[in-house]
Amino acid sequence: MTAYAYFPGCSAHGTAKEYDRSTQSVCAKLGIELEEIPDWVCCGASPAHAVNHLLSLALVAKNLDLSPSDTIVTGCAACYNRFKTTVHALQHDRPLWEQVKQIVQPTKLNGRDFRVLHLLEVIHEFGLEEVKERVVKPLKGLKVACYYGCLLVRPPKVMGFDDPDNPKKMDELVAAIGAEPVEWEFKTECCGAFHAVPHPEIVLRLTSNILRAAKDAGADVVSVTCPMCQINLDLRQLDIQKRHKVTFNMPVLYFTQLLGLALGINESELGFDKLIVDPQPILKGKGLM
Amino acid sequence: MARIGVFICHCGENIARTVDVAKVRDALAKHPGVVHSVDYRYMCSAPGQELIRNAIVEKKLTGVVVAACSPHMREPTFRKACAAAGLNPYLCEMANIREHCSWVHSDREKATEKAIELVRFLVEKVKRNKPLEPIRVPVTKRALVIGGGIAGIQAALDIANGGYEVILVERQPSIGGHMAQLSETFPTLDCSQCILTPKMVEVRQHPNIRLLTYSEVEDVKGYVGNFEVTIRKKARYVNEEVCTGCGACIQRCPQKRIPSEFDRGLGRRTAIYIPFPQAVPNIPVIDREHCAYFRRGGCRLCEKECPRGAIDFNQQDQLLTEKVGAIILATGYDLIPSDIYSEYGGGRYKDVIDGLQFERLLSASGPTNGEVLRPSDGKEVKSVVFVSCVGSRDRAKGIPYCSKICCMYVAKHAILFKHKVHDGQAFVFYMDVRAAGKGYEEFVRRAVEEEGVVYLRGRVSKIYQQDGKLIVRGVDTLSGMPVEIPADLVVLATAIRASDGIVELAQKLGVPVDEHGFLSEAHPKLRPIETQVAGVFLAGACQAPKDIPDTVAQASGAASKVLAMFAQNAIEREPTIAKVNEQTCVGCFECQRACPYRAIERKEIRDRQGNLVKVVAYVSPGLCAGCGACTVACRNHSIDLEGFAEEQMFAELSAITAA
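Chains as they are written, first to last, in our numbering: chain A, 23 to 311; chain B, 2 to 660.
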């Protein structure tokens with residue numbers, strides 16, 4: 023199998039170390055080869071495209087130029103969104119792309135046809151049946167609310183990821199590893215993202231709604247695909263408690279952590295200790311740890 | 002020797018602005034064979050036509066070329082003018098120097114040159130035109146109406162009252178269509194059943210109408226005035242001659258939990274059933290799929306119960322062949338499935354329903370006897386949200402068009418809800434309120450001002466369940482605020498689409514459909530009832546979304562077209578059709594393979610003793626549309642198109658290349 027070019031994104035080296043670690047372990051276990059893009063730079067994520075459209079494309083173009091493979095995978099929904107948007111522009115807006123090339127001065131971009139995948143898609147490409155065969159500890163009895171966030175699916179024309187209003191890819195994976203995905207309506211609600219900085223009250227309201235919907239649907243944990251969503255949902259539960267007087271105590275895990283657990287990867291490699299709401303009581307209670 | 006007259010039209014400024022008409026006139030005056038060349042401001046006006054008529058007589062013209070607009074609209078006008086002056090109309094041709102020249106060019110000099118060319122080559126053609134006589138075909142004075150909704154009912158009644166026979170075919174067990182499902186109608190709130198059922202009964206009792214329900218058109222052959230249709234009369238398993246519609250069989254049927262199509266799944270029916278109490282005919286059908294006897298054998302309780310012995314499990318589908326002169330398509334509409342909107346629950350919520358389902362909830366003969374109860378738990382609805390434009394005007398869902406009736410029926414729904422639940426609250430999310438129609442805007446104002454319905458201008462982004470309520474999240478774009486409304490029931494005004502099977506039926510008839518599956522009219526403004534196929538007419542929502550008044554008006558229009566046709570003993574058809582040279586035809590029948598109209602038949606040539614000499618192609622004049630496909634396919638030029646003969650075409654081409 024040829025290697026995927028891996029773009030970890032800034033979070034993976036900071037607030038989402040456990041995502042990076044669990045991703046690396048899971049891929050190693052499944053034999054999915056990830057080759058980190060050497061000397062990668064920030065993709066620009068939220069701030070760049072809000073400030074300067076050309077800059078936001080140029081940052082991604084720089085990474086594309088550096089990429090050792092034409093198939094690029096990232097675990098971060100925001101990076102995924104930026105990469106997809108840029109590749110879309112590259113394919114559909116030639117004059118704009120010429121401008122970007124002026125800025126980046128690429129050396130290895132010409133004639134390449136890039137494919138951008140989210141890690142979840144890579145697991146699907148690997149095959150859910152194959153994953154199922156490798157499960158050593160089915161997550162029996164664990165009810166999971168699969169939360170995709172908005173950046174993975176929108177805008178649908180550019181992202182082309184699943185049904186934008188009711189995506190199923192994570193639910194299918196969660197079911198494949200023996201857990202029970204719950205039916206709920208907040209799969210692609212916005213978590214408030216970077217509003218956490220200037221307007222934390224917005225984020226507290228939005229995340230509170232999401233966590234409440236997950237709880238109402240009977241979920242034990244929330245599974246996520248994005249470091250930004252993870253922080254907003256996990257880190258802010260105490261603030262929600264203070265402001266809205268509701269306690270959720272809802273663990274918010276990366277899907278790679280759940281997958282790693284089912285594949286029998288050593289818990290220390292999955293970084294459960296990095297999470298704010300400790301998932302261990304629930305997982306232990308279900309006999310999964 | 003040819004004596005051609007050329008008449009150049011200014012079309013006001015339309016042509017004269019870009020084309021130097023005087024120059025065209027002078028150039029053509031010098032063209033060989035042209036004895037008369039004039040220009041005039043409006044050639045189609047009465048004085049313009051008089052110019053042509055006078056010239057034909059005074060200059061003894063043998064051919065006329067009118068250089069003006071598209072022959073599509075005006076050719077009949079000028080040909081009639083020629084005929085009035087005694088010139089065979091097929092010796093008149095039009096050069097299109099407007100659409101093909103002045104409108105599409107800006108360089109006056111070049112456009113003038115091109116206009117001269119266009120007129121010249123038609124002069125060369127017209128020199129070789131031959132007088133033609135229209136073809137007359139006989140008419141079978143009997144009509145077929147396909148579809149038994151209000152459109153089909155109205156059309157059938159009008160034709161029958163005009164004194165001609167009608168066969169009305171409906172694929173459902175009863176006529177009535179969607180109108181029979183409605184509770185009340187906008188903007189007068191007339192009870193739909195009360196105004197419809199008398200018409201349904203009239204259809205049943207009319208001596209000139211032969212009603213074939215539970216039947217479908219299987220095949221159509223022939224041409225205007227002379228269609229031959231094959232109709233499949235599906236087995237009802239109930240003898241229509243004997244059954245009195247007493248309903249004993251229905252009472253007895255043990256299969257009582259089948260979702261009723263008429264109630265759109267909100268009510269239940271039995272396996273032997275009449276779709277609704279006022280059905281016409283009032284004769285049950287057995288639904289094979291659910292009948293215990295057809296599924297597993299045994300049962301036959303209905304048979305034992307029937308006092309008349311009308312149940313016949315051995316009944317077979319019947320194929321009927323009928324000759325008719327005209328066909329009216331009145332196949333109606335369906336709604337798009339609401340489950341394509343996953344943000345609105347994708348069909349998962351029982352309390353998110355469509356407009357026709359809400360009609361059934363409102364209807365006194367509906368599954369709740371007219372009480373507005375939630376389908377999920379039967380609780381009374383206190384707050385209801387109506388969402389308009391679900392699918393309509395949504396290019397993301399492939400439906401760019403407006404469904405036209407939703408704004409009005411949403412207002413009606415909201416008003417009727419308020420009439421039934423006085424302390425209830427109704428909300429309407431809308432994009433625009435399109436209330437063009439007699440009394441329509443007033444009706445919407447009544448909903449807003451008198452009935453207290455809350456109209457919110459904006460889209461609904463999501464519907465989800467919380468604490469036993471449906472939370473409708475949307476935006477009020479007038480206040481700029483997001484809104485969330487907890488509702489007991491949500492009614493989606495889903496888009497109208499053409500009914501199932503319409504494309505297959507259209508193919509059998511050769512009638513074009515548009516990109517959305519609606520049947521296409523011959524001209525969007527001036528021939529909205531005719532189709533491209535002579536003798537086939539449209540009525541109702543099979544053409545485009547339509548409300549009841551528009552549907553009824555169009556149905557009467559279609560009926561009047563049929564009656565006008567039946568008032569003649571024979572119909573005139575354009576003589577510009579293919580003709581076979583039987584001397585040279587070798588009977589290879591390449592032409593038959595090329596013909597899209599199935600117009601080419603085999604003709605045996607026999608000598609006086611009756612011995613077969615050879616088989617040649619024969620063009621049926623009723624079927625041939627004059628497309629010319631056969632003339633290209635013919636290997637030895639034995640088939641030619643009248644009015645567009647190869648000789649004429651080559652003369653045109655030579656005129657271009659010579660210049």
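Idealized CB from N, CA, C, for every residue including glycine.
Within chain A, partners of B/S343 - CB distance below 7 Å = For B/S343, the C-beta contacts it makes with chain A under 7 Å involve D185, D187 and N188, in order along the chain.
CB contact below 8 Å: B/G347 versus chain A | Look at B/G347: its C-beta is under 8 Å from a C-beta on chain A.
Got a sec? Which residues, its chain only, sit under 6 Å from B/V311 by beta carbon, not counting five neighbours each side?
-> It should be pointed out that residue 311 of chain B corresponds to Ala in this sequence rather than to Val. Around B/A311: V239, N240, V243 and C244.
Can you give the beta carbon distance from A/I94 to A/F148, rounded, assuming they're within the 8 Å contact cut?
-> A Cβ-Cβ distance of about 16 Å is found for the pair A/I94 and A/F148, leaving them out of contact under the 8 Å criterion.
Neighbourhood of B/C102 by C-beta, 8 Å cutoff - its chain only, sequence neighbours within 5 removed | Cβ neighbours of B/C102 beyond the five flanking positions: I16, T19, V20, A112, K115, A116 and L119.
In its own chain, which residues sit with a C-beta less than 8 Å from the C-beta of B/E100, not counting the 5 before and 5 after it?
-> Result list for B/E100: C70 and S71, in chain order.
Enclosing alpha helix (DSSP H) for A/D238 [first to last residue] | That run of the alpha helix (DSSP H) goes P222 to D238.
Nearest residue (CA-CA) to B/A331, options B/T532, B/P139 and B/N570 = Nearest option by C-alpha distance: B/T532.
Would you give the residue range spanned by the beta strand (DSSP E) that B/N97 belongs to?
-> In this chain, the beta strand (DSSP E) harbouring B/N97 covers C93 to N97.
Between the stretch 456-476 of chain B and chain A, which residues of the former have a C-beta closer than 9 Å to a C-beta of the latter?
-> Under the 9 Å Cβ criterion, the stretch 456-476 of chain B contributes K463, I464, Y465, Q466, Q467, D468 and I472.
Exposure of B/F651, with buried meaning 16 or more beta-carbon neighbours within 10 Å | Taking all protein chains shown into account, B/F651 has fewer than 16 neighbouring C-beta atoms within 10 Å of its C-beta and is therefore exposed.
Backbone CA spacing between B/V553 and B/A499 [nearest angstrom] | Each residue's Cα considered, the two are about 18 Å apart.
What's the gap between the Cα of A/I287 and the Cα of A/G182?
-> Their backbone Cα atoms lie some 32 Å apart in a straight line.
Hey, is A/E202's beta-carbon within less than 8 Å of any beta-carbon in chain B?
-> The Cβ of A/E202 sits no closer than 8 Å to any Cβ of chain B.
State buried or exposed for B/C195, treating a residue as buried only when at least 16 other CB atoms are found within 10 Å of its CB.
-> Exposed, because fewer than 16 other Cβ atoms sit within 10 Å of the Cβ of B/C195.
Sorted by chain position, which residues of the same chain lie with C-beta nearer than 7 Å to A/K209's C-beta, five sequence neighbours on each side aside?
-> Hits under 7 Å: C168, Y169, Y170, N188 and P189.
Count the other CB atoms, across all protein chains shown, that sit within 10 Å of the CB of A/L260; report buried if there are 16 or more and exposed otherwise.
-> Its Cβ having fewer than 16 others within 10 Å, A/L260 is exposed.
B/D378 CB to nearest chain A CB: under 8 Å?
-> Taking Cβ atoms only, chain A never reaches closer than 8 Å to B/D378, which makes this a no.
Continuous beta strand (DSSP E) stretch holding B/V616: start and end = Note, B/V616: beta strand (DSSP E), L613 to V620.
Please check if any C-beta of chain B sits within less than 8 Å of the C-beta of A/E207.
-> Taking CB atoms only, A/E207 has a neighbour in chain B less than 8 Å away.
Neighbourhood of B/P278 by C-beta, 8 Å cutoff - its chain only, sequence neighbours within 5 removed | Here the set comprises S366.
With C-beta atoms as the reference, is B/G382 less than 8 Å away from B/F428?
-> Residue identity differs from the one stated: residue 382 of chain B is Val in this sequence, not Gly. No, Cβ-Cβ distance for B/V382 and B/F428 is not below 8 Å.
Same chain, Cβ closer than 8 Å to A/M23, neighbours up to 5 away in sequence not counted | Because the pLDDT at A/M23 is just 48, under 50, the model does not fix this residue reliably, and the point stays unresolved.
Measuring only between beta-carbons, confirm whether A/P238 sits less than 8 Å from chain B.
-> Reading off the sequence shown, one finds Asp at residue 238 of chain A, where the question assumed Pro. With its beta carbon less than 8 Å from one in chain B, A/D238 belongs to the interface.
Take B/A659 as the anchor and find which of B/I251, B/R349, B/A84 and B/E125 has the nearest alpha-carbon.
-> Ranked by how close their Cα comes to the Cα of B/A659, the residues B/I251, B/R349, B/A84 and B/E125 have B/E125 in first place.
Residues of its chain near B/Q316, where Cβ-Cβ distance is below 6 Å and the 5 sequence neighbours each way are ignored | Around B/Q316, the same chain offers A236 and Y238 as residues with beta carbons nearer than 6 Å, after the five sequence neighbours per side are excluded.
Does DSSP put A/K84 in a helix, in a strand, or in coil?
-> Of the three classes helix, strand and coil, the one that applies to A/K84 here is helix, per DSSP.
Quick one: Cα of A/Q113 to Cα of A/C101, how far?
-> Distance between the alpha carbons of A/Q113 and A/C101: 18 Å.
First through last residue of the beta strand (DSSP E) which encompasses B/N227 | It spans N227 to K234 - the beta strand (DSSP E) in which B/N227 sits, taken as one unbroken run.
Give the secondary structure of A/I145 by DSSP, where H, G and I count as helix, E and B as strand, and everything else as coil.
-> Annotated three-state conformation of A/I145 is helix, per DSSP.
Of the residues A/Q302, A/I262, A/T247 and A/R156, which one's Cα is nearest the Cα of A/D42?
-> Nearest in C-alpha terms to A/D42, of all of A/Q302, A/I262, A/T247 and A/R156, is A/T247.
Buried or exposed: where does A/K84 fall if 16 or more other Cβ atoms within 10 Å of its Cβ makes it buried?
-> It is buried - the Cβ of A/K84 has at least 16 other Cβ atoms within 10 Å.
Taking Cβ positions, are B/F8 and B/V36 nearer each other than 8 Å?
-> In this structure, B/V36 does not lie closer than 8 Å to B/F8 by Cβ.
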